[in-house]
Amino acid sequence: MKKGFVFDLDGVITDTAKFHYIAWKNLAKHLGITIDEVFNESLKGISRMDSLDKILAHGHKENEYTLAEKEALAKNKNDDYVKLLADLSADDLLPGVRDFLVDAKAHNIPCAIASASKNAPMILEKLGVLDYFGHIVDPETLMKGKPDPEIFVKAAQSIGVAPKDAIGFEDAQAGIEGIKAAGMYAVGISTTEKLTGADLQVTSMTELSVEQLISI
Numbered sequence: 078m079k080k081g082f083v084f085d086l087d088g089v090i091t092d093t094a095k096f097h098y099i100a101w102k103n104l105a106k107h108l109g110i111t112i113d114e115v116f117n118e119s120l121k122g123i124s125r126m127d128s129l130d131k132i133l134a135h136g137h138k139e140n141e142y143t144l145a146e147k148e149a150l151a152k153n154k155n156d157d158y159v160k161l162l163a164d165l166s167a168d169d170l171l172p173g174v175r176d177f178l179v180d181a182k183a184h185n186i187p188c189a190i191a192s193a194s195k196n197a198p199m200i201l202e203k204l205g206v207l208d209y210f211g212h213i214v215d216p217e218t219l220m221k222g223k224p225d226p227e228i229f230v231k232a233a234q235s236i237g238v239a240p241k242d243a244i245g246f247e248d249a250q251a252g253i254e255g256i257k258a259a260g261m262y263a264v265g266i267s268t269t270e271k272l273t274g275a276d277l278q279v280t281s282m283t284e285l286s287v288e289q290l291i292s293i
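According to the numbering used here, the sequence shown is numbered sequentially starting from 78.
Structure below.
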């Protein structure tokens, strides 16, 4: 029996990828770098600073900024992103998410968030589902980002569940690899790409049943 659920945020609970893309594209343009939606896919699931490093490398400017300057650039991007999130509401939950969380609570299955986003608490509050999560891993406490399993191990431990007894939900390949490296059962959620290594792949949360998953 599985005893806990660990969720990525963006692409699983809600889809703010379009806002990330706009904010990164604006910053890149300011730096004289052009990125497109194909390149933006490579930023899925990784941290803000790692994303910035990839953009700078893409524009052959990886050695032009100090750490302090890069931190300021990343803050500017995040400020832009947060402004774009101003109108986020419960209507922006992805299909099936609320029903699944309600059902998990009815089955006394604790849930945690394992996201690279530092904005996760604010986003979950705007979506109206913050109270369904027992813990949100603070990405500032991590030594390594996905696909390293650290964030998933911490998420499971935070809700008192051994990784082997938890199920992880992800929409990115790096996330699936992190879930499996943590020793968890991996559910991939994607309408576009095949997520290699996922134990189960669906196109949305509407296809999932709490009762069936916990009996795996």
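Note that beta-carbon positions come from the ideal geometry of N, C-alpha and C, so glycine has one too. As the structure is a prediction and not an experimental result, all values here were calculated from the model.
Other residues of its chain near residue i: CB distance less than 7 Å, five sequence neighbours each side excluded
i: Thr111; result: Ala105
i: Lys102; result: Ile112
Per DSSP, cross-strand counterpart(s) of residue i
i: Tyr246; result: Contrary to the premise, residue 246 reads as Phe rather than Tyr in this sequence. Answer is Phe84 and Val264, bridged to Phe246.
i: His212; result: Ala189
i: Thr91; result: Asp87 and Leu170
i: Leu277; result: Val264
Inter-residue Cα distance where the pair is residue i and residue j
i: Gly211; j: Ile236; result: 6 Å
i: Val174; j: Thr283; result: 7 Å
i: Glu30; j: Glu118; result: The structure shown does not extend to residue 30, since the chain is modelled only from 78 to 293, so the question has no answer here.
i: Gly274; j: Ile291; result: 19 Å
i: Ile200; j: Asp242; result: 27 Å
i: Lys80; j: Val238; result: 7 Å
i: Tyr158; j: His184; result: 35 Å
i: Met78; j: Lys221; result: 30 Å
i: Glu141; j: Glu217; result: 25 Å
Same chain, Cβ closer than 8 Å to residue i, neighbours up to 5 away in sequence not counted
i: Leu204; result: Ile90, Thr91, Leu165, Ser166, Ala167, Asp169 and Leu170
Exposure of residue i, with buried meaning 16 or more beta-carbon neighbours within 10 Å
i: Pro172; result: exposed
i: Ser286; result: exposed
i: Ala232; result: buried
i: Gly265; result: buried
i: Gly109; result: exposed
Sequence-distant residues of the same chain with beta carbon closer than 6 Å to residue i, five excluded per side
i: Ser267; result: Asp248
i: Ala263; result: Gly245, Ile253, Ile256, Lys257, Ala275 and Asp276
i: Gly122; result: Lys223, Ala249, Ala251 and Gly252
i: Pro187; result: Gly81, Gly211 and Ile236
**Segments of 4+ residues assigned as alpha helix (DSSP H) that fall wholly inside the region 132-162** = 144-161
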